[in-house]
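S.K.:
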Amino acid sequence: MQIVVGMGERGLVRLVDPELPDEPVREIALDAFADAVRDLEPSRPRWVWVDTRAWYPRLLAAGVRVDRCHDLRLCGAILDHSTATASARGAGGHPRPGWLPAGPAETDAASQADTGARVAVHSTLFDFDAEEAGESTVTGAAATLTDRLLQELRRQEALVAESSAPGALRLLLAAESAGALIGAEMHAAGLPWDRAVHERVLEVELGARPAPGWKPSRMEELAGRVRRELGVASVNLDSQAELLRALRLSGIQVDSTARWELREHDHAAIEPLIAYKKLARLMSANGWAWLDEWVVDGRFRPEYVPGGTATGRWATSGGGALQLPKNVRAAVVADPGWTLVVADAAQLEPRVLAGMARDEAMAAAGRGRDFYLGLVDAGVVATRDEAKYAILGAMYGATTGESGRLVPRLASAFPRGMALVDRAAAEGERGGSVTTLLGRSSPFPSAQWRAVQARASEPDATAADERRARSSARDWGRFTRNFVVQGSAAEWSLCWMAGLRMRLDVIASTVSSATPAAGASGPVFDRAPHLVYFLHDEIIVHTPREVADEVAAAVETAAQAAGTLLFGDFPVEFPLDLAIVESYAMADA
DNA sequence: CGGCGCGGCGCC
DNA sequence: AAAGGGCGCCGCGCCG
13 MQIVVGMGER GLVRLVDPEL PDEPVREIAL DAFADAVRDL EPSRPRWVWV DTRAWYPRLL
73 AAGVRVDRCH DLRLCGAILD HSTATASARG AGGHPRPGWL PAGPAETDAA SQADTGARVA
133 VHSTLFDFDA EEAGESTVTG AAATLTDRLL QELRRQEALV AESSAPGALR LLLAAESAGA
193 LIGAEMHAAG LPWDRAVHER VLEVELGARP APGWKPSRME ELAGRVRREL GVASVNLDSQ
253 AELLRALRLS GIQVDSTARW ELREHDHAAI EPLIAYKKLA RLMSANGWAW LDEWVVDGRF
313 RPEYVPGGTA TGRWATSGGG ALQLPKNVRA AVVADPGWTL VVADAAQLEP RVLAGMARDE
373 AMAAAGRGRD FYLGLVDAGV VATRDEAKYA ILGAMYGATT GESGRLVPRL ASAFPRGMAL
433 VDRAAAEGER GGSVTTLLGR SSPFPSAQWR AVQARASEPD ATAADERRAR SSARDWGRFT
493 RNFVVQGSAA EWSLCWMAGL RMRLDVIAST VSSATPAAGA SGPVFDRAPH LVYFLHDEII
553 VHTPREVADE VAAAVETAAQ AAGTLLFGDF PVEFPLDLAI VESYAMADA
């Protein structure tokens, strides 16, 4: 059963069964929304709404979770660009309605190139529903909004049904929508954060917290050493321009102040300068100001943006949640009586590539062991490090250097895997779109990119024009090469996480005497194990100690289930590095 | 003054 | 050690 959620007249929330559209299941005030959902949830409906971010936080605040949903905005963004729906959308079939808000990674350029549709760029949050409801009142047309939602749901269902891969797309839309629920839940739950531990890290690295406008003592010391070694009385190390000038005056011939370039030079100023930059980064990205802004009541609550990147990987907004430096992860500490289950998928991307390409030899290299060691055992390369660089090079499109040199060896060992990424690169170089395992397609290159290509094929094109075109074609080819692997790996991760979420709910019903979480997790999360962090191929579950082993087993089971969902009985394995630890830093072993 | 591009760097 | 993909955030410095 599905229930469509939208704003009706007079600010009332309408809940409508698409099978019986004329009579709403409920028509209620916003205040009564959470109670209505709590009532209806036991029959396990799929909640259909425009935007999970608009509705779900309100439910979570009231202590209500839902099992599943269909996020029309996120699913529309996938369907309106997928090559799998291209023929269904051909000749103006199933046009996207102008009111449907743009997806998080949709740009006007990408959307227009593909569908010709105009992507609405108005506010996409709760205002959207309210605004539309207001409109329907003005025109006097009753329930216009929910009619629109029903129509959009049917449009999306039709696109799936008429697509070249209905099964894969259904799975992708379910996984994407589950991701939207999980993102909202992780924000509500928060990542348990020990302020005192973080402050200790800062004090050890930087020194005592300075007064506002001052720098920590360790940074001042290092800055003094750099100035002495450069022989300049004053240079602001935070100014790239000033620093570059000072370096060159001291005879250090660099073109940038990037660490990798500085390291090439042998000069007494380099070591303290690199150390300074490291501390400056810690200070500005995750220093005391960050703690004050982002850690409240023992929880770090970033805003997750499911589907926030072109490949389907998530983004975050605010707090830099996906860039937590390793040295502050010690501050991620479980509540008393609780623990963390930390797991990441080992060498996920090459394994996903093996499965997609149905490359038996590649799958075998990773079976029962570290994938990179498998390459060494198979005699493809000599060392694990070489294996890593070779694989990285294959998936990112390296052509030069050590990495590029190793790629041909992979091509002979794993012809099917390499052929898949090579085809993706070739498609990108032509300006085409490539598609992940489940059906998310890459955006088309910009008009400017196409203009550069067109210029090179004009009769009076210069050698420089041709060079420029070739170079930008290869750039885009590297993007599409990586897109299919990164995007399909993101799909594996979504399936893993969605399956885990289901299994955690089962475990939750067995928790008897857990100490309620000390932090401000809210009523939904204070007794049950729940996801608190997701980083592309890595998850953290915060769980009462008494069920930690069951949670760890569920994490494993969910990983194997995700492999089967995506690749059936093709023998590719997805081993995890898993640890049950008090602190995130302890998972790194 | 705010907006924005850029260099630099953290993560995968 | 290795130079290829995806991001977000910071400070700086320029611009209107």
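Sequential numbering from 13 applies to the first sequence in the numbering used here. All C-beta atoms, glycine included, are put in the ideal place defined by N, C-alpha and C.
Roughly how many whole angstroms lie between the Cα atoms of Arg38 and Ala591?
M.R.: Their Cα atoms are separated by approximately 46 Å.
S.K.: Rounded to whole angstroms, what's the CA-CA distance from Gly319 to Thr119? Just pull it up for me.
M.R.: 13 Å
S.K.: Classify Gly440 as buried or exposed, calling it buried when 16 or more other Cβ atoms lie within 10 Å of its own Cβ.
M.R.: Taking a 10 Å sphere around the C-beta of Gly440, we find 16 or more other C-beta atoms and assign the residue as buried.
S.K.: Cα separation between Gly429 and Glu372?
M.R.: 9 Å
S.K.: Per DSSP, Asp83 forms a beta bridge with which residues?
M.R.: Trp61
S.K.: I need the straight-line Cα distance from Arg237 to Ala280, nearest angstrom please.
M.R.: Distance between the alpha carbons of Arg237 and Ala280: 9 Å.
S.K.: Say whether the segment 445-452 touches the segment 82-97, bearing in mind that this needs 3 or more beta-carbon pairs closer than 8 Å, one atom from each stretch.
M.R.: Flag = yes, the segment 445-452 and the segment 82-97 touch.
S.K.: Measuring straight from C-alpha to C-alpha, what distance separates Leu506 and Glu188?
M.R.: Straight-line measurement puts the Cα of Glu188 at about 7 Å from the Cα of Leu506.
S.K.: Thinking C-alpha only, which one of Gly75, Asp389, Gln168, Tyr384 is nearest Leu404?
M.R.: Answer by Cα proximity: Tyr384.
S.K.: In the DSSP assignment, find the alpha helix (DSSP H) that holds Thr156 and state where it starts and stops.
M.R.: 156-173
S.K.: Is it buried or exposed, Val484, if we count other Cβ atoms within 10 angstroms and call 16 or more buried?
M.R.: Reading off the sequence shown, one finds Ser at residue 484, where the question assumed Val. Ser484 is buried by the Cβ-count criterion.
S.K.: Is the segment 501-518 in contact with the segment 179-195, if contact means three or more CB pairs nearer than 8 Å?
M.R.: yes
S.K.: Could you pull out every unbroken beta strand (DSSP E) segment of at least 3 residues lying fully inside the segment 314-397, listed in chain order?
M.R.: If we require 3 residues or more, the beta strand (DSSP E) runs fully inside the segment 314-397 come out as 315-317, 327-329, 350-357.
S.K.: Please report the residue range of the beta strand (DSSP E) in which Gln14 lies.
M.R.: 14-19
S.K.: Can you tell me whether DSSP reads Trp67 as helix, strand or coil?
M.R.: helix
S.K.: Please determine, among Ala89, Gly310, Leu32, the residue with the shortest C-alpha to C-alpha distance to Ala208.
M.R.: Gly310
S.K.: Quick check on DSSP: helix, strand or coil for Glu439?
M.R.: Reduced to three states, the DSSP call for Glu439 is helix.
S.K.: Taking the alpha helix (DSSP H) that Tyr288 falls in, what are its first and last residues?
M.R.: First-last of the alpha helix (DSSP H) with Tyr288: 282-298.
S.K.: Check each candidate in Leu291, Glu414, Asp589, Leu259 and name the one with the smallest Cα separation from Leu360.
M.R.: Asp589
S.K.: In this structure, does DSSP put Ile519 in helix, strand or coil?
M.R.: helix
S.K.: So if DSSP puts Trp205 in a beta bridge, which residue, or which two residues, is it bridged to?
M.R.: Val344
S.K.: For Ala565, report the span of its alpha helix (DSSP H) as first-last.
M.R.: 560-579
S.K.: Determine the direct distance from the alpha carbon of Trp61 to that of Val308, and round the result to whole angstroms.
M.R.: 30 Å
S.K.: Throw me the rounded Cβ distance for the Val353 and Val523 pair, which I believe falls under 8 Å.
M.R.: Their Cβ separation, rounded to whole angstroms, is 14 Å, which puts Val353 and Val523 out of contact at 8 Å.
S.K.: Taking a contact to mean a Cβ-Cβ separation below 8 Å, would you say Asp63 touches Pro30 in this structure?
M.R.: no
S.K.: Relative to the C-alpha of Glu211, which candidate in Ser229, Asp581, Trp300, Ala66 has its C-alpha closest?
M.R.: Trp300
S.K.: Count the other CB atoms within 10 Å of the CB of His277; is the residue buried (16 or more) or exposed (fewer)?
M.R.: Exposed, because fewer than 16 other Cβ atoms sit within 10 Å of the Cβ of His277.
S.K.: Between Ala425 and Val392, what straight-line distance do the alpha-carbon atoms span, to the nearest angstrom?
M.R.: The straight-line gap separating the alpha-carbon atoms of Ala425 and Val392 is approximately 7 Å.
S.K.: Indicate whether Leu366 and Gly378 have their beta-carbon atoms separated by less than 8 Å.
M.R.: Checking the sequence, you will find Ala at residue 366 rather than Leu. By the CB criterion at 8 Å, Ala366 and Gly378 fall inside the cutoff.
S.K.: Gly443 to Trp488, Cα distance in whole Å?
M.R.: 8 Å
S.K.: Output needed for Ile282: all residues of its chain with C-beta closer than 8 Å, excluding positions within five of it in sequence on either side, in chain order.
M.R.: Ile264, Leu274, Arg275
S.K.: Grouping DSSP H, G and I as helix and E and B as strand, with all else coil, what is Ala431?
M.R.: helix
S.K.: With a threshold of 7 Å on Cβ separation, who are the neighbours of Pro36 within its own chain once the five nearest residues in sequence on each side are excluded?
M.R.: Arg26, Leu27, Val28
S.K.: Taking the alpha-carbon positions, what's the Glu558 to Leu24 distance?
M.R.: Between Glu558 and Leu24, the C-alpha separation is close to 43 Å.
S.K.: For His106, verify whether its CB is less than 7 Å away from any heavy atom of the ligand GDP.
M.R.: Looking for the ligand GDP in the displayed structure turns up nothing, as the structure carries no ligands at all.
S.K.: When the Cα of Val340 is compared with those of Ala476, Leu218, Val567, which residue comes out closest?
M.R.: With respect to the C-alpha of Val340, the residue from Ala476, Leu218, Val567 having the closest C-alpha is Leu218.
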